[in-house]
Every structure is written in C-alpha cells, then in structure tokens.
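One structure is given below, encoded as structure tokens.
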Amino acid sequence: MKKNTSKPRLSSSPVVQVGLTQMACSDDPRDNLRRQLKLVEEAAKNGAQIICTQELFKSLYFCQSEDHRFFKLAEPIPGESTQAFQKIAKKYKAVVIASLFERRAQGLYHNTAAIIDADGSLMGTYRKMHIPDDPLFYEKFYFTPGDQGFRTWNTKHGKIGVLICWDQWFPEGARLTAIQGAEILFYPTAIGWHPSEKAEYGKAQHESWELIQRSHAVANGCYVCAVNRIGHEHVTDAAGSRVSEEGLEFWGQTFVTSPNGQIAAKASVDKEQVLVVPCDLEKVEFSRTHWPFLRDRRVDAYGNMTKRFVDQSL
19 MKKNTSKPRL
29 SSSPVVQVGL
39 TQMACSDDPR
49 DNLRRQLKLV
59 EEAAKNGAQI
69 ICTQELFKSL
79 YFCQSEDHRF
89 FKLAEPIPGE
99 STQAFQKIAK
109 KYKAVVIASL
119 FERRAQGLYH
129 NTAAIIDADG
139 SLMGTYRKMH
149 IPDDPLFYEK
159 FYFTPGDQGF
169 RTWNTKHGKI
179 GVLICWDQWF
189 PEGARLTAIQ
199 GAEILFYPTA
209 IGWHPSEKAE
219 YGKAQHESWE
229 LIQRSHAVAN
239 GCYVCAVNRI
249 GHEHVTDAAG
259 SRVSEEGLEF
269 WGQTFVTSPN
279 GQIAAKASVD
289 KEQVLVVPCD
299 LEKVEFSRTH
309 WPFLRDRRVD
319 AYGNMTKRFV
329 DQSL
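Using this note's numbering, you'd call the opening residue of the sequence shown number 19 and step up by one each time.
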C-alpha cells in the first residue's frame, strides 16, 4: 500500500464526476464480483472519476444469521478482488472504493473498504468503526471494530472520506472525517426493510436514513454519497433452510447529497443502476465560508464528547 501522499486533482476543473453502483447479489461470489466490476467499468466509461461500490457486494448479506460457515467468504487485502479493481482504476484513471469482507488474520475479520487511487495503487483501507447488532443484522458476530480511526484520502480527484453503513448514523464519524479536509463522504451501505414492519415503519425508516446523511452534508459543508444494494435476500443455513422466512428487502435508492443538504441524484428502489453525478467542489468552499460551522465550533467546550454518558451529580 502506498502512503496517502497524492497531490490534489489532476484537472483544473472543480467538478468531479462521482460514480455509484447498486445491484442485487446472489450466493455466487465470483459472479457478484464479475457483475460489480462490469458496473464499475460502466461508470468509468461514462466519465466517473471516483467510483464507489455498495457494501459487501460479493455475497448475499450473510449477517442475517450467526454462522461460522460465512467466515469462508472473507479475503485478504490486498488480494484477488483488490487487484481486479486496481486494473480498472489504472485503465480509466479513476479512484475506486471497494467494500470487502476482510480476513486480516486467523480469527480477525473486518468490514472494510479498499481505497484505490487513479494510478491503480492501493492507498489503504478503512475498517468499519461502528458495528451493529440488530435482528437480521448480526454484524458483531463477524466483524471486529475498526482500529484505524477516521481518515481522509487525498486522491488524484479530490479529498474523500470513506465510512461504512452503520457509521452513517453517527455525526461524530462524519465530523472527524470532514475536519481532516474531506470534500466528499462515501458510505457503502446495505440497508433494507424487515418486510413485516414495512407498512408501519418503512417510510419513516427510509426518511430517517436520508435525513441523517443530508444532515452530515449540511453540518460539514460537503457532499455525501450513500451507496445501497437492491433485492429481497434470503440466507439459508447448512441444511438449506431459510434463517428467516421474511428475509430482508433492501431499498436501493442510492443517492448523492449536495453541501446544502439537497439530494442531487437518486437511484431507483429495485433496479440495477449506475449513477454518475457531477460534484462541484466549489460548492464545498461556498458552503464552508457562508455557513462557517467549522470556524465557529467551540472545540474548547467539547471535552465530554469523549465520554459514554455524562452523569449528573446529585
């Protein structure tokens, strides 16, 4: 992996074309990789300069159950998948963010994004910091929390931050990435509905998901890109029986939010799609000077932010 010492954008244009891909996944990792590479290449051919995949695209969302069999899906970084994306990055001079199940060592696994620069070099990785444990989202069984902290990557096409899915609900992660200079935040994601809850809670759940990320954009004066999967997925156990009869219905709707919080582009609920969206980085400067939240932060008064909870003395 090379050090994060890239110079800023090669082009003098402040507009960066961002490519986001969403697709349905099967239980065939090689086929998923082949189809994801095809979508990334399609984005590059359509002019995308920074391209991001959805979360854990190589498999069904296996965290619907706690099953040791699924550790076999993990792979080393660097490895076969990163090498394939590096070839595309180098060929099209595009930055690629690839979400993978990382096998770091025996018994040590992470939910990881590989960041590949426009020359095909592997800049490094971001390991998911916040790990959920909810019905059908049993990620704590598989993933060790990230130990690299929040990072900004100075790629050939702009300064980017990469976080992953559950991270998107925590303003602290977005802030700590933005104050390192990130102009665009990327969130590879796998989020969907429990079908039995959709009628009652589905609309509110989806709107909350959009709202929190639009809030990150406003609070930090940057673009935010959320990249989700599509499809209704059922995971089976070793005997071939479904671990959940209802499964998970992923809601797609990959989107880009501008620094003013407005949605610049959104994909469909259920269609495989490639979004290529122009992001004018002058809007980042405009936002951060006209709404100077970073300037006016009272960093001297935020010490309690490092505490789990502030107990009130009697």
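Glycine included, C-beta positions come from ideal geometry on N, C-alpha and C.
Computed from a predicted structure; not experimentally measured.
Query, Result
"Distance CB(T173)-CB(V245) smaller than 8 Å", "no"
"F161 beta carbon less than 8 Å from that of H128", "yes"
"W269 vs G210 beta-carbon contact at 8 Å", "yes"
"Contact set for I281: own chain, Cβ-Cβ below 8 Å, skip 5 residues either direction", "E228, R232, F273, V274 and T275"
"Start-to-end residues for the beta strand (DSSP E) that takes in P206", "I202 to P206"
"Cutoff 6 Å; reference W184; Cβ partners in own chain excluding five residues on either side", "H148 and P150"
"Local conformation of S226 per DSSP, three classes", "helix"
"Q101 (DSSP reduced to helix, strand or coil)", "helix"
"Whole-angstrom C-beta distance between N50 and V294, which should lie under 8 Å", "About 22 Å; that fails the 8 Å criterion."
"CA-to-CA distance, H250 to K76, given in whole angstroms", "16 Å"
"Within 8 Å, strictly: CB atoms of K108 and G138", "yes"
"For E60, three-class secondary structure by DSSP", "helix"
"Cβ contact check for the region 79-88 and the region 261-268: 3 or more pairs under 8 Å", "yes"
"6 Å Cβ shell around L78 - same chain, five flanking residues per side excluded", "C43, D45, E251 and V253"
"Counted within 10 angstroms of its Cβ, other Cβ atoms place S24 as buried (16 or more) or exposed", "With a pLDDT of 46 at S24, under the threshold of 50, the predicted position of this residue should be treated as unreliable, though the coordinate-derived value follows. Per the 10 Å Cβ criterion, buried."
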